[in-house]
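Sequence order for the protein chains is X and S. Just add 6 to wherever you are in the first sequence, counting from 1, and you've got the numbering used here. Just add 6 to wherever you are in the second sequence, counting from 1, and you've got the numbering used here.
2 protein chains.
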Amino acid sequence: MKRFEKTSITIKDIAKKAGVAHSTVSLVMNDREHVSPKLREKILKIANEMGYMPNMVARSLISKKSSTVGVVFPENPHFFTITYFLMIIEGIQNACKKYNRALMFFSLDQTKGESYYQISRKWLIDLMIIMNVDYTRDISKDIQDLRDNGIYFSFLTKYLGKEKVNSVCVDNFEGVRIALEYLASQGHKRVGFIAGNPNSADGPERSQAYKALSRKFGFDQDDELTVQGDFTFESGEREMPKLLTLKKRPTAIFAASDYMAIGAMRVIKEQGLYIPKDMAVMGFDNTLEAAYVEPALTTIRQPLQEMGEKAVDLAIRSMNDENFEPQTLALKPELMKRRSC
Amino acid sequence: MKRFEKTSITIKDIAKKAGVAHSTVSLVMNDREHVSPKLREKILKIANEMGYMPNMVARSLISKKSSTVGVVFPENPHFFTITYFLMIIEGIQNACKKYNRALMFFSLDQTKGESYYQISRKWLIDLMIIMNVDYTRDISKDIQDLRDNGIYFSFLTKYLGKEKVNSVCVDNFEGVRIALEYLASQGHKRVGFIAGNPNSADGPERSQAYKALSRKFGFDQDDELTVQGDFTFESGEREMPKLLTLKKRPTAIFAASDYMAIGAMRVIKEQGLYIPKDMAVMGFDNTLEAAYVEPALTTIRQPLQEMGEKAVDLAIRSMNDENFEPQTLALKPELMKRRSC
DNA sequence: TGGTTTTCTCGAAACGTTTCATGGTATTTT
DNA sequence: AAAATACCATGAAACGTTTCGAGAAAACCA
């Protein structure tokens, strides 16, 4: 039993009512030339009266463009509650509104062998924002596929392969520099470092920056001052005790993410130590939570909304301009002084 | 200059290679009967080799179904950083994966006169989750439009009109009851109440529950103990001073949202008062931030992920079962004891 | 005025699917 | 062995657009 016979207004309905060919209506709807002003106006009026709304799907089919931005993020059941991602997505959403595009979300189960290109093809996505790739797998073939098929895309964050692609990230080196400089200015010489996910783009970069700069600022160089986390709260909690039980304890902790810093803070407080008096803590990201923990976390702000917005901007520019050179945008981080240092 | 001539594998390419009609390939791809096993297998093999992936857009066009869930949320520049919404969205995303649907986001600018139905029609959305409607405008016509055109939908949270529709919400009355019972058990008799947005579904419900129950628990009944917020942090900050400057100060504050509670806490701490010793604070929602503030906020947990998931479930059931009666699901809240009480 | 150019409108084809009536082949029944 | 039935595969039509070549009408020019 069909319940809903009522069908929507199409271009043909308008054509019939106006007594013209439906192709003419199409021209009017797309604001193309070669239609006399009089007829154009008449058609517009009728379309308005009938409440016409173009069917984007039919449009997509023929143009092979979807007016859609697809955000592809790694399979992670809690993706949406990581406020780091959220702030980026907010930026993306703003950009979508600016360009009058719909926003689609896909989580990519790399294990199932689904590729970025397949997603774009399946849904006719023409702009893709690729988030936080896990570099355990080589994705240069994925990129080639997107390229070959005219899909425009940007990476968030930095793309690690050697192809030239659009990507937006924070200037990690500068971020680490600001952080260490601040710690040094407070008289710290022995700084523990909780490193981030080694399979991400940001993790290794921050680690390298730390290694290079901690020497420059004259910090102690013991290897045991660095522990390996993966950006999560849990890893901060897990690794912090290793730093606390060192014979010679650090006076400050620098974590490569706020979540790890917050996890570490929890351990430190549990040990009865006071932050920042007994041990200073510094994070990286400036996620929402950083402002709420006690004491509020001093951290390096990434301009996350801006990053999301710029990622879309870049992809759009690539699309509109044949000769636009894909580029990597490294935005400036900023010190957020709060009470944990 | 066309750069990308390469075109994707279609059902026809497969048909040609297999030497059959493309309609036969279609049958195979959709797992329909009436194709001999031998041929089916042959076609599947070829499709696999060629890396076929169905074009959902063409599919949508003909079936008028999009395999898409559209989430429509109110125009709000910071929608995505409100973790309350996020946790719901996480649930929606989980459900989408379960049902193998893509997730689309739309912010509805009610002022521009865009309607829910227009969005669904434009993008051929067939399942819609309508979030946090602002009831300053009557939307019963919108609902009728959706109905008339066979669009299935759920409200989040409760729908206030008289039509029978799918909606998912938390049992506000029970939540308020649990909260006040707990406050009463701690000996509080004078409780300040910061009410939520009066144009939402939850705001008035919680206010009414408060009014009814605070009497039952024997709390003071001064009108001045209730102030009017709108769920935001800022409104909590704004309204709290009115309660602090009362001749007879309340011993506890109950806010209709965590954000307002956190805003209130800030004001209280600034006045040099200690929480919970000088004044207890209780929130509602259990957003992410509640666990991070100092002292951690005692609050009423809404099962937000579950709510998102159930909203999709309901819409799907309506779609699959002609006779399914639209229903309102009121999920049970839960007391999160933390340190602010 | 007659021819040429420009402007406007139209009809047909295409996009990649699904659906459905039709007919052909294989299998069963009598 | 012929008739009836089941099973397969097909080709055409449809979904709502855009595009494009062609014809008709209008405008221009000499």
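Heads up, the beta-carbon is just placed ideally off N, CA and C, and yes, glycines get one too.
Interface residues of chain S around residue 298(X) at Cβ under 7 Å?
-> 295, 298, 299
What are the complete beta strand (DSSP E) segments, minimum 3 residues, inside the segment 293-341 of chain S?
-> 304-307, 334-337
Boundaries of the beta strand (DSSP E) in which residue 282(X) is found, first to last residue = Taken as a continuous stretch (DSSP letters only), residue 282(X) belongs to no beta strand (DSSP E), as it is neither H nor E.
Name the chain X residues that come within less than 8 Å of residue 99(S), Cβ to Cβ?
-> 85, 86, 111, 113
Determine the direct distance from the alpha carbon of residue 228(S) to that of residue 174(S), and round the result to whole angstroms.
-> 33 Å
Measuring CA to CA, which of 255(S), 293(S), 254(S) is closest to residue 237(S)?
-> 293(S)
Looking at the structure shown, is residue 209(S) part of a helix, part of a strand, or coil, going by DSSP?
-> helix
At 9 Å on the CB atoms, spell out the chain S contacts of residue 316(X), in chain order.
-> Residues of chain S passing the Cβ test: none, with the nearest at roughly 16 Å.
Please confirm whether residue 309(X) and residue 337(X) have their CB atoms less than 9 Å apart.
-> yes
If residue 315(X) sits next to residue 108(X), beta carbons under 8 Å apart, how far is it from one beta carbon to the other, in whole angstroms?
-> So it is not a contact: roughly 16 Å between Cβ atoms.
Mind pulling the alpha helix (DSSP H) runs of 4 or more residues that sit fully within the segment 16-91 of chain X?
-> 17-24, 28-35, 43-56, 62-69
Chain X contacts made by the segment 137-151 of chain S, where a contact means CB separation under 8 Å = none
Note the first and the last residue of the continuous alpha helix (DSSP H) segment covering residue 179(S).
-> 178-191
Supposed close pair residue 137(X), residue 157(X) - CB separation, criterion 8 Å | Actually they do not touch by this definition, with Cβ atoms about 16 Å apart.
Hey, does residue 270(S) have any beta-carbon neighbour from chain X nearer than 9 Å?
-> no
CB contact flag (residue 201(S), residue 288(S), <9 Å) = no
Can you list, in chain order, the residues of the segment 41-67 of chain X whose Cβ is nearer than 9 Å to any Cβ on chain S?
-> 57, 59, 60, 61, 62, 63, 64, 66, 67
Counting pairs of Cβ atoms below 8 Å between the segment 321-330 of chain S and the segment 158-169 of chain S, do you hit three or more?
-> yes
Nearest-angstrom Cα separation, counted from residue 142(S) out to residue 44(X) | 40 Å
Considering only C-alpha positions, which residue in the set 166(S), 98(S), 148(S), 85(S) is nearest to residue 120(S)?
-> 148(S)
Interface flag, residue 277(X) vs chain S, CB-CB below 9 Å | no
May I ask you to verify whether the segment 67-80 of chain S touches the segment 37-53 of chain S, counting CB pairs closer than 8 Å and requiring at least 3?
-> no
For the 8 Å Cβ check, are there 3 or more pairs between the segment 85-100 of chain X and the segment 50-61 of chain X?
-> no
Span of the beta strand (DSSP E) around residue 133(S) | 133-137
For residue 186(X) and chain S, any beta-carbon pair shorter than 9 Å?
-> no
So, does the CB of residue 20(X) fall closer than 9 Å to a CB anywhere in chain S?
-> no
What does a CB cutoff of less than 6 Å around residue 325(S) pick up in its chain, not counting 5 residues either side in sequence?
-> 158
Interface residues of the segment 205-219 of chain X facing chain S [CB-CB below 9 Å] | none
Would the beta-carbon of residue 329(S) be found less than 8 Å away from any heavy atom of the ligand MG?
-> No copy of the ligand MG appears in this structure; indeed no ligand is present at all.
Proximity winner among 244(S), 243(S), 183(S), relative to residue 222(S) (alpha-carbon distances) = 183(S)
Compare the Cα-Cα distances from residue 209(S) to each of 140(S), 333(S), 34(S), 27(S) and report the closest residue.
-> 140(S)
Tell me whether the beta-carbon of residue 14(S) lies closer than 9 Å to the beta-carbon of residue 155(X).
-> yes
Does DSSP put residue 234(S) in a helix, a strand or coil?
-> strand
So what's residue 291(X) in DSSP terms, helix, strand or just coil?
-> strand
Put residue 269(S) into one of helix, strand or coil per three-state DSSP.
-> helix
Cβ neighbour criterion (16 or more within 10 Å) applied to residue 18(X) | exposed
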